[in-house]
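Protein sequences, first through last, are from chains A and B.
Each residue of the first sequence is one higher than the last, beginning at 1 in our numbering.
Each residue of the second sequence is one higher than the last, beginning at 235 in our numbering.
We put the CB at the ideal spot given by N, CA and C, even for glycine.
Contents: one structure, followed by commentary.
2 protein chains.
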Amino acid sequence: MANSETADSPMAILVDDDAEVRDSLQELLRSVGIESMSFSSAQDVLSAKLPSRPGCIVLDVRMPGLSGIDLQQLLAAKDIQTPIIFLTGHGDIAMSVEAMKAGALDFLTKPVRDQAFLDAVSTAIATDIARRAALAVAQKNSALYESLTPREREVLSFVVSGAMNKEIAFGLGISEITVKLHRSNMMKKMNARSVSHLFNVCQSLPADIQCRLRIASAAGKPIARPGARGHFAN
Amino acid sequence: MANSETADSPMAILVDDDAEVRDSLQELLRSVGIESMSFSSAQDVLSAKLPSRPGCIVLDVRMPGLSGIDLQQLLAAKDIQTPIIFLTGHGDIAMSVEAMKAGALDFLTKPVRDQAFLDAVSTAIATDIARRAALAVAQKNSALYESLTPREREVLSFVVSGAMNKEIAFGLGISEITVKLHRSNMMKKMNARSVSHLFNVCQSLPADIQCRLRIASAAGKPIARPGARGHFAN
DNA sequence: AGGCAGCCTATACCCAAGTCTAGGGTGCCT
DNA sequence: AGGCACCCTAGACTTGGGTATAGGCTGCCT
Numbered sequence: 001m002a003n004s005e006t007a008d009s010p011m012a013i014l015v016d017d018d019a020e021v022r023d024s025l026q027e028l029l030r031s032v033g034i035e036s037m038s039f040s041s042a043q044d045v046l047s048a049k050l051p052s053r054p055g056c057i058v059l060d061v062r063m064p065g066l067s068g069i070d071l072q073q074l075l076a077a078k079d080i081q082t083p084i085i086f087l088t089g090h091g092d093i094a095m096s097v098e099a100m101k102a103g104a105l106d107f108l109t110k111p112v113r114d115q116a117f118l119d120a121v122s123t124a125i126a127t128d129i130a131r132r133a134a135l136a137v138a139q140k141n142s143a144l145y146e147s148l149t150p151r152e153r154e155v156l157s158f159v160v161s162g163a164m165n166k167e168i169a170f171g172l173g174i175s176e177i178t179v180k181l182h183r184s185n186m187m188k189k190m191n192a193r194s195v196s197h198l199f200n201v202c203q204s205l206p207a208d209i210q211c212r213l214r215i216a217s218a219a220g221k222p223i224a225r226p227g228a229r230g231h232f233a234n
Numbered sequence: 235m236a237n238s239e240t241a242d243s244p245m246a247i248l249v250d251d252d253a254e255v256r257d258s259l260q261e262l263l264r265s266v267g268i269e270s271m272s273f274s275s276a277q278d279v280l281s282a283k284l285p286s287r288p289g290c291i292v293l294d295v296r297m298p299g300l301s302g303i304d305l306q307q308l309l310a311a312k313d314i315q316t317p318i319i320f321l322t323g324h325g326d327i328a329m330s331v332e333a334m335k336a337g338a339l340d341f342l343t344k345p346v347r348d349q350a351f352l353d354a355v356s357t358a359i360a361t362d363i364a365r366r367a368a369l370a371v372a373q374k375n376s377a378l379y380e381s382l383t384p385r386e387r388e389v390l391s392f393v394v395s396g397a398m399n400k401e402i403a404f405g406l407g408i409s410e411i412t413v414k415l416h417r418s419n420m421m422k423k424m425n426a427r428s429v430s431h432l433f434n435v436c437q438s439l440p441a442d443i444q445c446r447l448r449i450a451s452a453a454g455k456p457i458a459r460p461g462a463r464g465h466f467a468n
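Written out as structure tokens, the structure is:
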């Protein structure tokens with residue numbers, strides 16, 4: 001039926017060693033219009049090229065070879081953050097708690113009520129759509145940041161920390177006018193019209209870059225300061 | 235032993251209907267220098283005045299009257315966000331998953347290994363310390379925000395959205411010079427030296443206030459704009 | 001050797017932001 | 001009626017940020 005949309009329609013990934021389970025779940029998902037693909041082992045998932053579509057991964061825990069829990073960790077190590085739902089007949093509390101702490105979105109037990117399963121999958125897909133949207137923004141902005149020269153990045157650090165041009169100039173040991181140049185170029189590259197916009201762009205930047213920003217700007221210390229520069233005092 | 239420190243030392247709260255369990259856990263915690271108080275029912279916790287110290291709540295699930303799960307929800311409703319650890323002999327996977335989804339930090343089963351219990355409590359306490367630190371900052375900044383007049387709050391919204399004074403003036407239907415006045419007063423009250431600092435202050439503001447900011451500033455739209463004002467173009 | 005990117009500097013000018021002073025209006029509380 | 005908080009406005013001025021133009025330096029690639 002619905003097959004023409006290989007684009008961005010959600011895709012559930014089922015991993016279970018029991019073919020019967022896979023088929024019935026796929027059928028169930030198809031009945032509500034959710035496409036799915038299935039694997040019979042964790043290894044198959046790792047070696048397969050997963051589609052870059054919003055979706056979720058439904059994992060059995062006990063399988064020959066790698067367990068579902070193992071796969072969860074391996075996927076995390078590969079930085080694959082597609083939401084994971086566990087679905088198992090052989091689990092215990094400790095296992096479910098570990099899985100949840102490791103970021104699983106849900107942990108269902110077989111036999112599962114159809115509606116409970118569909119709800120979990122829907123929630124997971126919605127989560128993934130939101131996650132991917134945020135990721136897309138982060139990557140776009142990350143590319144902007146990468147286009148900056150070293151100097152421009154230093155200036156950026158100072159700017160987001162609230163330093164004035166003259167402070168930046170002092171901090172970098174260059175003239176204020178040069179700071180203006182770098183700053184101006186940086187703002188253009190970051191596609192920011194004002195400091196506020198710059199902040200918004202920086203906000204949705206990968207965590208590692210944000211760290212670099214804060215560390216670098218530690219020199220330019222902001223925060224408080226009662227009678228700083230004849231401004232507020234008086 | 236350690237009793238003189240009623241100040242900010244951590245305090246675990248144990249809730250279990252079994253006096254023997256309570257006593258042995260308290261003893262265990264005392265052995266590693268963690269103070270604790272215990273309750274025999276969920277009702278007692280709700281009616282008691284909980285100490286405002288960093289800590290965690292250790293909850294049995296099955297108790298006469300309100301269950302641990304019930305108590306978790308009631309505490310959440312009362313906006314008490316002290317980390318919760320479940321410790322139960324009568325749980326199932328569904329229950330543990332629901333508890334974890336509802337924000338529980340851990341879900342242990344009796345009999346519990348001493349070390350596992352202590353680890354969970356330590357982690358929870360550390361979490362709470364961090365949470366409370368963040369909360370303290372949020373409350374301080376929230377107080378700053380509350381001290382603003384309605385006009386100043388409107389101006390703040392525009393400022394964080396990157397609007398220029400003249401845009402703010404147009405948006406509010408007042409003169410640019412009045413905007414400067416409000417803006418200046420607002421910056422002083424918010425204890426911010428620059429737009430960047432203002433942003434940092436706003437960042438650590440309660441979520442509800444941040445919402446108000448964004449909604450209000452939706453009028454002043456930021457983002458992109460190729461040839462906006464003769465600046466970049468040319 | 002020439003071209004290019006990145007870095008630094010300078011002068012000059014414009015505009016946006018912030019301050020100071022000095023007013024006028026409203027509504028609320030005592 | 002006076003005091004106060006909040007809101008609005010104006011003119012004159014200072015400072016900070018941004019642009020344009022114009023130049024010199026290094027190092028890398030072709």
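| Asked | Found |
| --- | --- |
| Within 8 Å (strictly less), CB to CB, does M334 of chain B reach chain A? | yes |
| Please name the residues in the segment 164-195 of chain A whose beta-carbon is closer than 7 Å to at least one beta-carbon of chain B, in chain order. | K188, N191, R193, S194 and V195 |
| Return the chain-ordered list of same chain residues with a C-beta closer than 8 Å to the C-beta of L148 of chain A, the five sequence neighbours on each side being excluded. | L156, M186, K189 and M190 |
| Determine the burial state of S265 of chain B: buried for a count of at least 16 other Cβ atoms within 10 Å of its Cβ, exposed for fewer. | exposed |
| Here's a check: name, in chain order, each residue in its chain whose Cβ is nearer than 7 Å to the Cβ of D313 of chain B, leaving out the five neighbours to either side. | none |
| For chain B, is any of its Cβ atoms less than 8 Å away from the one on H90 of chain A? | no |
| Along the chain, which unbroken stretches of the beta strand (DSSP E) at least 3 residues long are found entirely within the segment 266-314 of chain B? | 269-273 and 289-293 |
| Tell me whether D208 of chain A sits in a helix, a strand or coil according to DSSP, three-state version. | helix |
| Please classify I327 of chain B: does DSSP put it in a helix, a strand, or coil? | helix |
| My guess is that G302 of chain B and V249 of chain B are in contact by the Cβ rule of under 8 Å, so how many angstroms apart are they, rounded? | 7 Å |
| Decide yes or no for the touch test of the segment 276-296 of chain B against the segment 47-58 of chain A: beta carbon pairs closer than 8 Å, at least 3 of them. | no |
| Do Q73 of chain A and I84 of chain A have their C-beta atoms within less than 8 Å of each other? | no |
| Taking Q252 of chain A as the reference, which of A:S47, A:F117, A:A48 and A:A124 has the closest Cα? | The structure shown does not extend to residue 252 of chain A, since chain A is modelled only from 1 through 234, so no value can be given for it. |
| Alpha carbon to alpha carbon, how far is P244 of chain B from E269 of chain B? Give it in angstroms, no decimals. | 7 Å |
| Which residues, in order along the segment 41-73 of chain A, keep a beta-carbon less than 7 Å from a beta-carbon of chain B? | none |
| Report the three-state DSSP secondary structure of T383 of chain B (helix, strand or coil). | coil |
| Helix, strand or coil for M235 of chain B per DSSP? | In this predicted model, M235 of chain B has a pLDDT of only 46, less than 50, meaning its place in the structure is not dependable enough to derive any value. |
| Closer than 8 Å, CB to CB, is D128 of chain A near chain B or not? | no |
| Could you tell me which of B:L342, B:A311 and B:V413 sits nearest to H324 of chain B, measuring between CA atoms? | B:L342 |
| Please compile the residues from chain A whose C-beta is within a distance smaller than 9 Å of the C-beta of V389 of chain B. | What V389 of chain B touches in chain A: nothing, since even the nearest Cβ is about 13 Å away. |
| At the level of alpha carbons, what is the spacing between K180 of chain A and N165 of chain A? | 7 Å |
| Tell whether a beta-carbon distance below 8 Å holds between L378 of chain B and T361 of chain B. | no |
| So within the segment 164-199 of chain A, which uninterrupted alpha helix (DSSP H) runs reach at least 4 residues, ignoring any that extend past its ends? | 165-172 and 176-189 |
| Quick check on S24 of chain A - is its C-beta less than 8 Å from some C-beta in chain B? | no |
| Cβ atoms of L447 of chain B and V470 of chain B: under 8 Å apart, would you say? | Since the first and last residues shown for chain B are 235 and 468, residue 470 of chain B lies out of range. |
| Go ahead and pull the three-state DSSP assignment for T82 of chain A. | coil |
| Report the partner residues of L108 of chain A according to the DSSP bridge assignment. | A:L87 |
| Quickly, what does DSSP pair I129 of chain A with across the bridge? List them, please. | DSSP, once it has assigned bridges, lists no residue as partnering I129 of chain A. |
| Run through the DSSP bridge pairs and tell me what A120 of chain A is partnered with. | Answer by DSSP bridge pairing: none, since A120 of chain A is not bridged. |
| What is the C-beta distance between D17 of chain A and S40 of chain A, in whole angstroms, given that I count them as a contact (C-beta under 8 Å)? | 5 Å |
| So with Cβ pairs under 8 Å, would you call S161 of chain A a contact of chain B? | yes |
| When DSSP builds the beta bridges, which residues end up paired with A138 of chain A? | Its beta-bridge partners do not exist; DSSP assigns none. |
| How should E386 of chain B be labelled, buried or exposed, when 16 other C-beta atoms within 10 angstroms of its C-beta is the threshold for buried? | buried |
| Between B:R347, B:A328, B:A311 and B:D294, which has its C-alpha nearest L321 of chain B's C-alpha? | B:D294 |
| Measuring CA to CA, which of B:E261, B:L259 and B:L309 is closest to Q277 of chain B? | B:L309 |
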